[in-house]
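Since the structure comes first, as structure tokens, the remarks are kept for the end.
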Amino acid sequence: LVARGHRRIAAIRPSLNLNFGYLFLAGYRKALRRHGIEVDPGLIAKGFINEAGGDAVTPQVMRSKDPPTAIIFNNDAMALGGCKALAEMGIKPGHDIAVIVIVDTPLCRYFSPALTGFRPRLEPMGRRLAEMLLASIPAFAGPEGARIIREVWPLELIARDSD
């Protein structure tokens, strides 16, 4: 989005009490700062992780004094509700505003416009998870053998009509 000139990028996220909601928000803030863009709290909205959540909170960010030129939704369901809200406001996703979804699903290509999203590369992810599982079996001796591993998985941008 930044490469396409967007500097007012909204984030429609799930509740922070969900781990991926926290990670989504942290990643959003980090990406904006990395590109020298100030985080505007007015462009961040929290909603239920379904169509109704996206529909309910999208107008909040659009009523900002300086509204966004792009919106990132946590998932396709929130994006569906958000696109409905945008249409009701007379705003055309993919034309008047860019819309991106964090996790591309097969449904994203059936939206109108088709949603741009990020798809995890499942083969390397599956291989790494299997390696981690196999490595842990002989060494696992209870809770003291457990450890938290944080890894960043590669994503592929699936560009469609919404951005």
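Residue numbering for the sequence shown follows this note's numbering, starting at 885 and increasing by one per position.
From the three backbone atoms N, C-alpha and C, an ideal C-beta is built for every residue, glycine too.
A quick note: this is a predicted structure, and the numbers were derived from the prediction, not measured.
Problem - Residue range of the unbroken alpha helix (DSSP H) whose run includes R918 - result: N903 to R918
Problem - Alpha carbon of T932 to alpha carbon of G938, nearest angstrom - result: Note that residue 932 is Phe in the sequence shown here, rather than Thr. Going from the Cα of F932 to the Cα of G938 covers about 7 Å.
Practice task
Identify, in the order they occur along the chain, each residue of the same chain with its Cβ nearer than 6 Å to the Cβ of A1025, setting aside the five sequence neighbours on each side.
Solution key: Reliability of the predicted coordinates at A1025 is poor, the pLDDT of 45 falling under 50, and the value obtained from them is presented with this limitation in mind. So the list is empty, once near-sequence residues are dropped.
Practice task
Return helix, strand or coil for A1025, following the three-state DSSP convention.
Solution key: Note that A1025 scores a pLDDT of 45, beneath 50, so its modelled location is shaky and nothing firm can be said.
Exercise for the section: Could you tell me whether the stretch 1038 to 1047 touches the stretch 1002 to 1018, using the rule of 3 or more Cβ pairs below 8 Å? Expected result: yes
Exercise for the section: Tell me whether G931 sits in a helix, a strand or coil according to DSSP, three-state version. Expected result: coil
Exercise for the section: Starting from G966, trace the alpha helix (DSSP H) both ways and give me its first and last residue. Expected result: D960 to E972
Handout entry: A971 versus D1045, F957 and S996, residue with shortest Cα-Cα distance
Key = S996
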